[in-house]
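Here's the structure, in structure tokens; my notes come after.
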Amino acid sequence: MSRAPARRWSAVGAIALVVVGGSLLPLPFRRRPEFDLIGPDKALHLLGYFGLSVAVADALAKDGVDHAWSGFLAVIWSTAIGTATGRLQTYVPGRAHERADVAAGTLGSVLGVLYWYRHQPAVKPASNAERTRSRSIRSDGPVARPSSRDGWQRE
């Protein structure tokens, strides 16, 4: 694996670690019922999963996955991480699984991928002419081409 893909996926891992780790730390204060539907934790979920989905979509696209599939898989992956993290929160003191957290994370994932679609150019595959040209330019030995004289000519 070259350094660039490893660096991309390391960034995804670091963001996921921050998001999941932050969600699984015990809270030093009591939960407030007024923050059940809307609160600062929902904004943090939205922002965290926004960043995670952008990083995942970008890494997938740069690894050769189709642009549309990259976005779709990023939303699925980050939503699955958010749902699993929510389930794990039931075992952490001061934490609870809340549907509003999952909804905020999913919304953040979708918004992140929409942002990524808007601001990242789609990678166009090389045309057949470009692929053929790049193969004929290679310098790994003589190239055999048809000739009118004896059928084949070496260069």
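For the sequence shown, the residue numbers in UniProt numbering are 1 to 155.
Backbone N, C-alpha and C define an ideal beta-carbon position, used for all residues, glycine too.
* To do: Express the C-alpha separation of A104 and A43 in angstroms, rounding to a whole number.
  => Roughly 7 Å separates the two Cα atoms.
* Once you ignore the five residues that flank residue 158 on each side, which residues in its own chain have a CB closer than 8 Å to its CB? -> Residue 158 lies beyond the stretch modelled for the chain, which goes from 1 to 155, so this question has no answer here.
* From V102, Q120, R8, pick the residue whose C-alpha is nearest to that of residue 195; which is it? -> In the structure displayed, the chain extends from 1 to 155; residue 195 sits before or after that span and is not available.
* **Element boundaries [alpha helix (DSSP H), containing R95]** => Careful: R95 lies outside any alpha helix (DSSP H) and carries neither H nor E.
* Beta carbon of V18, beta carbon of G112: below 8 Å? -> Not a contact, by the Cβ cut-off of 8 Å.
* Indicate whether L73 and L60 have their beta-carbon atoms separated by less than 8 Å. => Here L73 is near L60, since their CB atoms are less than 8 Å apart.
* **Own chain residues within Cβ distance below 8 Å of F50, not counting five before or after** => Beyond the five residues adjoining it in sequence on each side, F50 comes within less than 8 Å, by CB distance, of G108, S109, L111, G112, Y115 in the same chain, given in chain order.
* To do: Give the DSSP-derived three-state secondary structure of G39 in the structure shown.
  => Three-state DSSP puts G39 in coil, outside helix and strand.
* Residue span of the alpha helix (DSSP H) that contains L25, given as start and end -> Careful: L25 lies outside any alpha helix (DSSP H) and carries neither H nor E.
* To do: Can you tell me which of P40, G22, Q120 puts its alpha carbon nearest to the alpha carbon of I81?
  => Answer by Cα proximity: G22.
* To the nearest angstrom, report how far apart T85 and L24 are at their CA atoms. => Rounded to whole angstroms, T85 to L24 spans 7 Å at the Cα level.
* Assign V102 to one of three DSSP states: helix, strand, or coil. => Annotated three-state conformation of V102 is helix, per DSSP.
* To do: Output yes or no for whether 8 Å exceeds the beta carbon distance between K70 and L52.
  => As written in the sequence, residue 70 is Ser, which differs from the Lys given in the question. With respect to the 8 Å criterion, S70 and L52 are not classified as neighbours on the basis of their beta carbons.
* Alpha-carbon spacing of T83 relative to I76, whole angstroms -> Near 10 Å, if we compare the C-alpha coordinates of I76 and T83.
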